[in-house]
Structure formats: structure tokens, C-alpha cells
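Notes follow the structure.
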Amino acid sequence: MKKFIHFIILVLVILVLSNLLKKYYLTATRLRISEFEISENANYIDMNFFNKKLKQLDCLDNFFNCSSSEISLFIKKSDPWIKSVNVTKYWPNKLFIEIQEHQIYGILNDNYVITNTGKKLNIPDNLDTSGLVHIYTGEKILNEAIVFLDNIRQTLEDKAINLNSIHLSELRSVKMVLESGLSVNLGSINKLTRLNIFLNLIEQLDQNSIKYIDLRYDNGFAIKWKNQQEGLDDKI
1 MKKFIHFIIL
11 VLVILVLSNL
21 LKKYYLTATR
31 LRISEFEISE
41 NANYIDMNFF
51 NKKLKQLDCL
61 DNFFNCSSSE
71 ISLFIKKSDP
81 WIKSVNVTKY
91 WPNKLFIEIQ
101 EHQIYGILND
111 NYVITNTGKK
121 LNIPDNLDTS
131 GLVHIYTGEK
141 ILNEAIVFLD
151 NIRQTLEDKA
161 INLNSIHLSE
171 LRSVKMVLES
181 GLSVNLGSIN
191 KLTRLNIFLN
201 LIEQLDQNSI
211 KYIDLRYDNG
221 FAIKWKNQQE
231 GLDDKI
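Quick note on numbering: the sequence shown equals residues 1 to 236 in the working numbering.
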């Protein structure tokens with residue numbers, strides 16, 4: 001009986017001490033998260049604003065009160081350019097934050113950038129637009145334009161053909177404009193077949209001397225040369 005009483009007393013002491021220890025850790029100001037290590041390769045995230053915003057997070061007052069998921073959600077909402085966040089807590093007061101930025105896929109209607117996940121964002125002031133494809137289309141059919149561009153992009157690069165812009169109309173008609181200024185009208189049907197006709201054709205011609213090629217004909221195509229008189233096309 002005496003041993004049992006001692007055991008009960010020991011359990012009670014442990015519970016009391018555990019409770020006191022928990023309260024101490026939950027209220028001790030010395031456990032405030034104060035060290036931050038941030039891994040990022042950011043071109044468009046405002047890191048100065050981000051750092052100020054991060055330090056406003058209420059739960060940083062105590063290591064135990066701040067969950068990694070809560071911090072990640074807060075960070076993702078702080079800047080639209082943040083694609084993903086991974087947060088790791090290190091005892092007693094450190095956060096390691098890994099940030100991945102959205103990558104730019106193209107420029108939409110000269111007003112926005114489109115990321116490689118299809119997200120629409122404002123054009124950054126420091127954006128270098130060289131090499132970016134301009135996409136002109138309605139937002140309702142934007143995904144169709146991106147899918148088509150995905151299908152042809154590598155093929156054009158393999159042929160050393162530099163694409164400046166792609167236009168997709170509401171009628172699903174496609175026009176490409178190359179960096180040389182050459183305009184290629186593929187129409188709304190058999191677009192990939194017509195693209196292959198263009199690729200075979202352009203190997204035999206100087207694209208820098210051509211104004212446009214129209215491939216919408218069932219039995220041929222039309223070419224307009226840059227030095228050609230207005231109103232005259234060579235239909236082949």
C-alpha cells in the first residue's frame with residue numbers, strides 16, 4: 001500500500017511539473033523565432049517587402065505556437081510571384097524558408113505575363129521581354145493557345161525559327177509572327193499539317209524577304225514579298 005501511495009505521488013508530481021514546463025515554454029519570450037534563413041532565386045519577388053511582412057507574423061512570438069503550414073500559407077499570400085514555399089523549424093528560434101518563384105511563359109495581350117502554370121500576373125517593371133513569346137487571344141481560349149504553342153515551340157526551335165508572337169482568334173484561327181517580321185497564317189483547321197508545309201517551304205526561301213505566307217488554301221498557299229506591290233500575291 002505504501003509503494004502504491006508513493007507511485008501516485010510520483011505521477012502527480014510528474015504531471016504538475018509537465019504542466020508547469022509546458023506553460024513556461026508556451027510563454028517564454030526567449031523562444032521567439034528570430035533567425036531566418038531564406039533560400040530563393042527571385043527575380044520578381046520584392047524580398048525587402050517580404051522580409052518586413054514575414055516579421056509581422058503573430059505566431060513568431062513563440063516557437064511552439066507557429067506551425068510550418070501556417071507560416072507557408074502566410075508567405076504564399078504575401079506575394080503573387082511566390083509559386084511554392086517549404087518551411088522548416090529549427091530549435092530553438094530558427095526558420096529555414098525555401099521559396100520557388102513562378103516562371104514566365106509568355107506575355108498576354110501586352111498587358112500581363114502568363115506563368116508556366118497558367119497564372120496571370122502584372123508585368124514586372126524590370127522584365128526583359130527579349131525571347132518571350134507574345135500571346136494574343138481571349139482569356140476564355142487562352143489554354144488552347146498555350147496548348148498549341150506547347151505543340152509547336154520545340155519544333156520551331158529545332159529549325160532555328162524564332163517566334164515573336166502567336167494570335168488565336170475566337171474562330172480558332174492561328175497566325176504566327178516570327179522575329180524576322182514574317183507573318184504565317186495557318187487558319188483554323190489542319191494547323192499542324194499546315195505548319196509542316198511552312199517548315200518545308202521556308203527551308204527553300206529567305207524568310208527575311210517575305211512579308212507573309214497564307215496557308216489557308218486547300219490546294220496551295222500565297223506568298224507576299226516585302227518588296228512586292230500592294231494587292232499582288234504569288235499564289236502557288
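Ideal Cβ placement from N, Cα and C applies to all residues, glycine included.
Taking just the CA atoms, how far does L201 sit from P80?
For the purposes of this step, residue 80 is taken as the residue at position 80 of the sequence shown. For the purposes of this step, residue 201 is taken as the residue at position 201 of the sequence shown. Those two C-alpha atoms are separated by around 44 Å.
Measuring alpha carbon to alpha carbon, tell me which residue in L15, S188, E179, N65 is nearest L171.
Taking the first residue of the sequence shown as position 1, residue 171 is located at position 171. Restricting attention to L15, S188, E179, N65, the CA atom closest to the CA of L171 is found in S188.
Give me the Cα-Cα distance between K119 and C66, rounded to the nearest whole angstrom.
The residue given as residue 119 occupies position 119 in the sequence shown. The residue given as residue 66 occupies position 66 in the sequence shown. Cα-Cα distance, rounded: 29 Å.
Contact belief for E179 with N162 at Cβ below 8 Å, rounded distance in angstroms
What you label residue 179 is simply residue 179 of the sequence shown in a count that begins at 1. What you label residue 162 is simply residue 162 of the sequence shown in a count that begins at 1. Rounded, the Cβ-Cβ distance is 4 Å, consistent with contact.
Out of L192, K77, R153, L60, point me to the one whose CA is closest to L31's CA.
Here residue 31 refers to the residue found at position 31 of the sequence shown. The shortest C-alpha to C-alpha distance from L31 to any of L192, K77, R153, L60 is the one to L60.
Between the alpha carbons of H102 and I146, how many angstroms are there, rounded?
Position 102 of the sequence shown, counted from the start, is the residue given in the question as residue 102. Position 146 of the sequence shown, counted from the start, is the residue given in the question as residue 146. Going by the C-alpha atoms only, they are around 16 Å apart.
Compute the distance between the beta-carbons of I197 and L215, then report whether it is under 7 Å.
On the sequence shown, residue 197 is found 197 positions in, with the first residue counted as 1. On the sequence shown, residue 215 is found 215 positions in, with the first residue counted as 1. Yes. Within cutoff.
From the DSSP output, in three-state form, read off S130 for me.
On the sequence shown, position 130 is the one that residue 130 refers to. DSSP places S130 in coil when its eight states are reduced to three.
Grouping DSSP H, G and I as helix and E and B as strand, with all else coil, what is I210?
Residue numbering aside, residue 210 sits at position 210 when the sequence shown is read from its first letter. DSSP, reduced to helix, strand and coil, places I210 within a strand of the structure shown.
Can you give the Cα-Cα distance for S165 and Q56, rounded to whole angstroms?
As a position in the sequence shown, residue 165 is number 165, starting the count at 1. As a position in the sequence shown, residue 56 is number 56, starting the count at 1. It is roughly 43 Å from the alpha-carbon of S165 to the alpha-carbon of Q56.
Residue closest to T129, alpha-carbon to alpha-carbon, out of I104, Y136, F96:
Here residue 129 corresponds to residue number 129 of the sequence shown, with the count starting at 1. It is I104 whose Cα lies nearest to the Cα of T129.
In DSSP terms, what G243 is bridged to
For the chain, the structure presents residues 1 to 236; residue 243 sits outside this window and is missing.
Through-space distance from N122 to Q207, alpha-carbon basis:
Start at 1 with the first residue of the sequence shown, and residue 207 comes out as number 207. Start at 1 with the first residue of the sequence shown, and residue 122 comes out as number 122. Pairing Q207 with N122, the inter-Cα distance amounts to about 34 Å.
With H, G and I counted as helix, E and B as strand and the rest as coil, what does DSSP make of L205?
Within the sequence shown, numbered from 1, the residue matching residue 205 stands at position 205. Note: L205 maps to coil in three-state DSSP.
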